[in-house]
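Q: Please find one structure pasted underneath; my questions will follow.
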Amino acid sequence: MPTPIFLSRAALLAALSLAAAAAPACAQAPLDGAAQAEMPATAAGALAQSLIAAINSPDQAAVARVLDEKLSTTTRQPRDEIAGILRGLREQGGGVTVGAARTGRGGAAVMELWGRAVEAGVELAVWADEADSTRLGRISINRSLRPGAAFRPFPRERMDDARITRLIEDELRRLEAADQFSGVVLVGRGDDILFQGTYGLENPLTRQRMTTRSRFHLASQGKMFTSVAVARLVEQGRISLDDTVGELLPGHPWTEAARGITLRQLLSHTGGLGGLFDRPSYVEGRIFGTATERLAIFAAEPLLFAPGERYGYSNEGFETLAAIVEAQTGERFNDHLREQVMRAAGMRTALPDAPADSLADRAIPSPYAEDDLFGVRPRVTASRGWNAGGAGGGHASAEDMFRFVRALVGGRLVSRAMVDTLTAGRVPISADEQYAYGFMTRVVNGRTVFGHSGGGPRGVAICNDLDVFADGTWTVIVMSNYDAPFCATLKRSITDMLAVN
Numbered sequence: 001m002p003t004p005i006f007l008s009r010a011a012l013l014a015a016l017s018l019a020a021a022a023a024p025a026c027a028q029a030p031l032d033g034a035a036q037a038e039m040p041a042t043a044a045g046a047l048a049q050s051l052i053a054a055i056n057s058p059d060q061a062a063v064a065r066v067l068d069e070k071l072s073t074t075t076r077q078p079r080d081e082i083a084g085i086l087r088g089l090r091e092q093g094g095g096v097t098v099g100a101a102r103t104g105r106g107g108a109a110v111m112e113l114w115g116r117a118v119e120a121g122v123e124l125a126v127w128a129d130e131a132d133s134t135r136l137g138r139i140s141i142n143r144s145l146r147p148g149a150a151f152r153p154f155p156r157e158r159m160d161d162a163r164i165t166r167l168i169e170d171e172l173r174r175l176e177a178a179d180q181f182s183g184v185v186l187v188g189r190g191d192d193i194l195f196q197g198t199y200g201l202e203n204p205l206t207r208q209r210m211t212t213r214s215r216f217h218l219a220s221q222g223k224m225f226t227s228v229a230v231a232r233l234v235e236q237g238r239i240s241l242d243d244t245v246g247e248l249l250p251g252h253p254w255t256e257a258a259r260g261i262t263l264r265q266l267l268s269h270t271g272g273l274g275g276l277f278d279r280p281s282y283v284e285g286r287i288f289g290t291a292t293e294r295l296a297i298f299a300a301e302p303l304l305f306a307p308g309e310r311y312g313y314s315n316e317g318f319e320t321l322a323a324i325v326e327a328q329t330g331e332r333f334n335d336h337l338r339e340q341v342m343r344a345a346g347m348r349t350a351l352p353d354a355p356a357d358s359l360a361d362r363a364i365p366s367p368y369a370e371d372d373l374f375g376v377r378p379r380v381t382a383s384r385g386w387n388a389g390g391a392g393g394g395h396a397s398a399e400d401m402f403r404f405v406r407a408l409v410g411g412r413l414v415s416r417a418m419v420d421t422l423t424a425g426r427v428p429i430s431a432d433e434q435y436a437y438g439f440m441t442r443v444v445n446g447r448t449v450f451g452h453s454g455g456g457p458r459g460v461a462i463c464n465d466l467d468v469f470a471d472g473t474w475t476v477i478v479m480s481n482y483d484a485p486f487c488a489t490l491k492r493s494i495t496d497m498l499a500v501n
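No gaps in the numbering here: position 140 of the sequence shown is 140 in the numbering used here, and each next residue is one more.
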């Protein structure tokens, strides 16, 4: 039976952030004696090569030495955390062989590392420091891998609905049997649900199977709700997208630069505010009565960059938006969200701030233990570790998220013109994706899709993603209580298949 655990602070640093690097299908484990895969010819690839050499070195001091030489002095990821991952790969895996390597989101070198002493692998992402690309910025274990259980991408060809549903169901049952996926997948055509499948366990402790009623922690998918809440106030004429933080929240100790941040910049992560969870004054597990209370954690802190200078994913920016909603409405943000977004969209069982441990139909996160990098021991269960706010959180089922999507594209939450404003790409975040105003957008086979992911680093075991075709034809929703980023891989492949249909 899985053992309950609580997430460490390190595991929560990016818990409401995007999944580290969306991954395509994993390769099969390399045969004994197979050559190492070639690293990307990038700064991150060179750093990854140095880390692999340290992992495989017989010298026990190799890991410490490579971090002395390569680790950035400005990284926010604790050195002990990075060293623990590298030593864990050596000790549990008996060294590693690189089965495949590619460039991922944010220029990361993403590798499939197969253990030499275990029949399992991991996906490791390595980022160079943004200021000095010769230095290591951070690393992340994305997920554990199994030989013979690689995801098989769906074909990008014309087909009827019966074949679409059969392909999805067959592949997901295969992945479920290999313990590679647990969750709910929904595909909508227009206002109708074409396919909905449930896989794995909702509650590993009681062995309760996943159902269509299962409610998942939304993490950063809640940013879409925050965006809509702000947009409704804009359409009511109460605020403007060009209003500033200083104008709308004057009673807080903002720096002079922060006072000039506009709503447009908050919504597009270009305001210069930070991630929230890595602030020294952030107390893990603290319950906030209002979003405004969170401002005390970061309002007086210097910005990470000048407003409008660049993109930098910011939970603090969306907490600031929630505080603006509170200031304009006189309501707790979560109360406003429940009435003005969730109920307005017809979301029947969604809750913005329900206590997770007592929530009925809750899909309990089920990761591998923090020190079980290769996932060779039984899974554990994890606490959520935070409460909902403007940056995300809350719980909803896949059907509830579908109702939200249909209400949005149908103009029942905001006007169609405002939907276009919220979902228009503003700033690049990857080779084929842009961030809009609380939504992510990309073009697939000439068709625009938008949505948002929600999850966190390994150990959080929250992984949700959705795509909505701007023309209203298709919706793809994937919700999982296993670790990111596989839900994004699955969602992307389904979307790519539907884009030609």
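All residues carry an ideal CB built from backbone N, CA and C; glycine is no exception.
Fair warning: this is a prediction, and the values are worked out from it, not measured in the lab.
#1: Taking C-beta to C-beta, are Ala128 and Gly121 nearer than 7 Å?
#2: Could you please give me the residues that DSSP links to Gly455 through a beta bridge?
#3: Could you tell me which residues DSSP pairs with Phe469 in its beta bridges?
#4: For Val234, which residues from the same chain have a beta carbon less than 7 Å from its beta carbon, with the 5 sequence-adjacent residues on both sides left out?
#5: State the DSSP-derived secondary structure class of Val520, mapped to helix, strand or coil.
#6: Rounded to the nearest angstrom, what separates Asp371 and Ser314 at their Cα positions?
#7: Compare the C-alpha of Val380 against each of Ala101, Tyr482, Met159, Ala231 and name the closest.
#8: Between which two residues does the beta strand (DSSP E) carrying Leu248 extend?
#9: On a CA-only basis, which of Thr423, Tyr437, Thr441 is nearest Ala431? Give me that one, please.
#10: Kindly list the residues whose CB is nearer than 7 Å to the CB of Pro40, restricted to its own chain and excluding five residues on each side of it in sequence; keep chain order.
#11: By the 10 Å Cβ neighbour count, where 16 or more other Cβ atoms means buried, how is Leu89 classified, buried or exposed?
#12: Taking DSSP as the reference, what is the three-state secondary structure of Arg442?
#13: In this structure, what does DSSP give as the bridge partners for Asn203?
#14: Between Gly392 and Gly446, which are expected to be in contact by the criterion C-beta below 8 Å, what is the C-beta distance as a whole number of angstroms?
#15: Could you tell me the distance, in whole angstroms, from the CA atom of Leu422 to the CA atom of Ala436?
#16: State the DSSP-derived secondary structure class of Met39, mapped to helix, strand or coil.
#17: Per the contact definition of three or more C-beta pairs closer than 8 Å, is the stretch 152–159 in contact with the stretch 68–76?
#18: Is Asp353 helix, strand or coil when you go by DSSP?
#19: Given that a residue counts as buried once 16 or more other Cβ atoms are within 10 Å of its Cβ, and exposed if not, what is Ala21?
#20: What are the partner residues of Trp254, as DSSP defines its beta bridges?
#21: By how many angstroms is the C-alpha of Arg279 removed from the C-alpha of Glu301?
A: So, to answer that:
#1: no
#2: Cys463
#3: Val449
#4: Ser240, Leu241
#5: Since the first and last residues shown for the chain are 1 and 501, residue 520 lies out of range.
#6: 28 Å
#7: Tyr482
#8: That residue, Leu248, is in no beta strand (DSSP E); its alpha helix (DSSP H) goes 245–248.
#9: Thr441
#10: Ala101, Arg102, Thr103, Ala109
#11: buried
#12: strand
#13: Gln208
#14: Their Cβ separation, rounded to whole angstroms, is 31 Å, which puts Gly392 and Gly446 out of contact at 8 Å.
#15: 6 Å
#16: coil
#17: no
#18: coil
#19: For Ala21, the predicted structure reports a pLDDT of 40, less than 50, and the residue's modelled location is therefore unreliable. A value from the coordinates is still provided. Ala21 is buried by the Cβ-count criterion.
#20: None; Trp254 has no bridge partner.
#21: 10 Å
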